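See structure below.
Numbering (my numbering), first residue to last: 442 to 572.
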């Protein structure tokens with residue numbers, strides 16, 4: 442499938458209806474959603490900015506007017522999603538200046554889960570996010 446082609450629905454239903462076919466999968470996702478994606482120690486707005494970036498929202502690619510913390514988070518999301526070599530010493534130095542270690546764990550795990558979630562949604566013919 443090319444990027445410009447609408448995906449073919451591979452499994453019928455919403456993401457939650459599909460996960461509910463295996464109750465343990467739905468339970469695990471709900472736990473992750475509630476405790477990592479929607480809660481944690483990092484501000485939810487910052488997580489949502491990173492999640493929209495992963496989904497390809499055009500407004501997130503413009504870093505002008507963003508705080509240093511937002512720019513660093515977006516740069517890290519880009520490294521996690523597309524090129525881990527971008528997470529070099531310079532980025533890590535900035536991240537450690539702007540975030541506590543617990544914030545780095547929370548944000549990094551949230552970005553990783555969201556990335557996998559969006560890829561899964563695309564493969565079954567759903568939009569990357571329910572917006």
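No residue lacks a Cβ here, since even glycine has one placed at the ideal position from N, Cα and C.
Keep in mind it's a predicted model, so treat the numbers as computed, not measured.
Query raised in the report: So what does DSSP say about residue 534, is it helix, strand or coil?
Result: Position 93 of the chain shown, counted from the start, is the residue given in the question as residue 534. Residue state for residue 534 is assigned as helix, using DSSP reduced to three classes.
**Report entry** Spatial neighbours of residue 470 in its chain, beta-carbon cut-off 6 Å, leaving aside the 5 residues before and after
**Finding:** The residue given as residue 470 occupies position 29 in the chain shown. Only 460 meet the Cβ criterion.
Query raised in the report: Can a CB atom of chain D be found closer than 9 Å to the CB of residue 559?
Result: Looking at the structure shown, chain D is missing, and only one protein chain is on hand.
Query raised in the report: Three-state secondary structure (DSSP) at residue 553?
Result: Sequence index remark: in the chain shown, residue 553 carries index 112 (1-based). In the structure shown, residue 553 sits in a helix (DSSP, three-state: H, G or I).
Query - Exposure label - residue 455; buried when at least 16 CB within 10 Å - result: If you number the chain shown from 1, residue 455 lands on position 14. Around the CB of residue 455, fewer than 16 other CB atoms lie within 10 Å, so the residue is classed as exposed.
Report task. State buried or exposed for residue 443, treating a residue as buried only when at least 16 other CB atoms are found within 10 Å of its CB. Result -> Taking the first residue of the chain shown as 1, we reach residue 443 at position 2. Residue confidence for residue 443 is low, a pLDDT of 48 falling below 50, so the modelled location carries little weight; the figure read from the coordinates is stated next. Its Cβ having fewer than 16 others within 10 Å, residue 443 is exposed.
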